[in-house]
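**Q** Counting along the sequence shown from 1, when you hit position 231 you're at 242 in my numbering, and nothing is skipped either side. Yeah, the Cβ is synthetic: ideal placement off N, Cα and C, and Gly gets one too.
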Amino acid sequence: MNKASKLLFIIVLFLLFISFSKAEECIITNNANVDIPCDLYNSLSNYYSDNFLKYMTSEEYNQIKDNDINEIETYTITEQNPFIDNNNNRGTYFETSYKELRITRNGNFINANLLWVQNPSTRSYDVFGIRFYGPSIVGTPLFREYYSVNGVTYSSSNYSRKDFSNGFGISVKLPSYNHLESDITFTYSGSGTIFASYQHAITNVTLTQSKKYTLSASGYGNVLLFDTNIQPKYDNMTGVSIQG
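1. Kindly provide the ranges of any beta strand (DSSP E) runs that are 3 or more residues long and lie completely inside the segment 101-148, ordered along the chain.
2. Between which two residues does the beta strand (DSSP E) harbouring L185 extend?
3. CA-CA distance, N99 and R134?
4. Please name the residue in I148, K173, P48, D194 whose C-alpha comes closest to that of S167.
5. Compare the C-alpha of L185 against each of S171, I47, E70, T198 and name the closest.
6. Put T214 into one of helix, strand or coil per three-state DSSP.
7. Which residue's Cα is closest to the Cα of E70: D61, N53, W127, I47?
8. Would you mind working out which of S176, E36, I205 sits nearest Q254, comparing C-alpha positions?
9. Could you compute how far the alpha carbon of S32 sits from the alpha carbon of L51?
10. Would you call S200 buried or exposed, if buried means 16 or more other Cβ atoms sit within 10 Å of its Cβ?
11. DSSP three-state call for D79: helix, strand or coil?
12. With S54 as the anchor, note down where its beta strand (DSSP E) starts and where it stops.
13. Quick test of the definition: if touching needs 3 or more C-beta pairs under 8 Å, does the segment 150-170 touch the segment 225-243?
14. May I ask you to report which of helix, strand or coil DSSP gives N98?
15. Would you tell me roughly how many angstroms separate the C-alpha atoms of N169 and S182, rounded to the nearest one?
16. Work out the CA separation of N119 and D79 for me, nearest whole Å.
17. Quick one: what's got a C-beta closer than 8 Å to D189's C-beta in the same chain, skipping five residues either side?
18. CA-CA distance, G145 and E90?
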């Protein structure tokens, strides 16, 4: 083999090596500039929503990546909720809406997710609540609301939190856009049960009214115990729980 042939052979090997290395180093960079290996991203998509993975922060990613994916636990409930027109004494059927509530535990990292399968008509202050029976939160929870405008998904963190010794609740004004989804993430310490509840306002309420609740096992979704005059304004969706 002459020098020219050897040089060509070396160049071809080098190019093949570069190509192989790039294939091996498949990386997805999400909207928060977090680099995630493609194989891990695909595995996580079996447990987390696309929107969460797109906007997951580096802090959240660090909580997730060091845990055993095979140990992830998740519980989901999909519910059909008939909303009654409170302005009609005949109690006529007003709207049927579908939403899916999920809670996922990865080590001591929790993701509670609410997905609207159909877009709601009433856009007022919904409440997303977390109640602890045994565990306690570490740090500050992170909340995001996702929505779509002209086919592009955006994330917002506009909310009002109410804290208790046994958990917290988040009031969020539903935006006027479609394809709505929201999630709460946090880490915890201790052991016991973690409950999540999402309550949709079926009539217009103020922010102040949406925060008239305590956290209790006898509340909506085993979490949100609204004041008596506020209870009829929410849909009483079933909650979810997971052992921590």
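**A** So, from the data block:
1. Along the segment 101-148, the beta strand (DSSP E) occurs as fully enclosed runs of 3 or more residues at 104-117, 120-127, 136-144, listed in sequence order.
2. Counting from 1 along the sequence shown, the entry for residue 185 is found at position 174. Segment: none, L185 is in no beta strand (DSSP E) and carries neither H nor E.
3. Here residue 99 refers to the residue found at position 88 of the sequence shown. Here residue 134 refers to the residue found at position 123 of the sequence shown. Interpretation of N99 is limited by its pLDDT of 36, a score under 50 that renders its predicted location unreliable; the figure taken from the coordinates is listed afterwards. So the two alpha carbons sit approximately 20 Å from each other.
4. The sequence position of residue 167 within the sequence shown is 156, counting from 1. Nearest option by C-alpha distance: D194.
5. Stepping through the sequence shown from its first residue, residue 185 is reached at position 174. Out of S171, I47, E70, T198, S171 has the C-alpha closest to the C-alpha of L185.
6. Taking the first residue of the sequence shown as position 1, residue 214 is located at position 203. Residue state, collapsed to three classes: coil.
7. By one-based count along the sequence shown, residue 70 stands at place 59. The shortest Cα separation from E70 among D61, N53, W127, I47 belongs to I47.
8. Position 243 of the sequence shown, counting from 1, holds the residue named residue 254. It is I205 whose Cα lies nearest to the Cα of Q254.
9. By 1-based counting over the sequence shown, the position of residue 32 is 21. By 1-based counting over the sequence shown, the position of residue 51 is 40. With a pLDDT of 45 at S32, under the threshold of 50, the modelled position of this residue cannot be trusted, and the question is left open.
10. On the sequence shown, residue 200 is found 189 positions in, with the first residue counted as 1. Under this definition S200 is an exposed residue.
11. If you number the sequence shown from 1, residue 79 lands on position 68. D79: coil per DSSP, three-state reduction.
12. In the sequence shown, residue 54 corresponds to position 43, counting from 1. Premise fails: S54 lies in the alpha helix (DSSP H), 49-55, not in any beta strand (DSSP E).
13. no
14. As a first step, residue 98 must be located in the sequence shown, where it is residue number 87. Confidence at N98 is low in this model, with a pLDDT of 39, below 50, so its placement is unreliable and no value can be given for it.
15. Working through the sequence shown from its first residue, we reach residue 169 at position 158. Working through the sequence shown from its first residue, we reach residue 182 at position 171. Approximately 9 Å between the Cα atoms of the pair.
16. One-based indexing of the sequence shown puts residue 79 at position 68. One-based indexing of the sequence shown puts residue 119 at position 108. Their Cα atoms are separated by approximately 12 Å.
17. Residue 189 sits at position 178 when you count from the first residue of the sequence shown. At residue 189 the sequence reads Asn, which differs from the Asp that was named. Cβ neighbours of N189 beyond the five flanking positions: N130, Y158, S159.
18. The sequence position of residue 145 within the sequence shown is 134, counting from 1. The sequence position of residue 90 within the sequence shown is 79, counting from 1. Looking at the two C-alpha atoms, the distance is approximately 27 Å.
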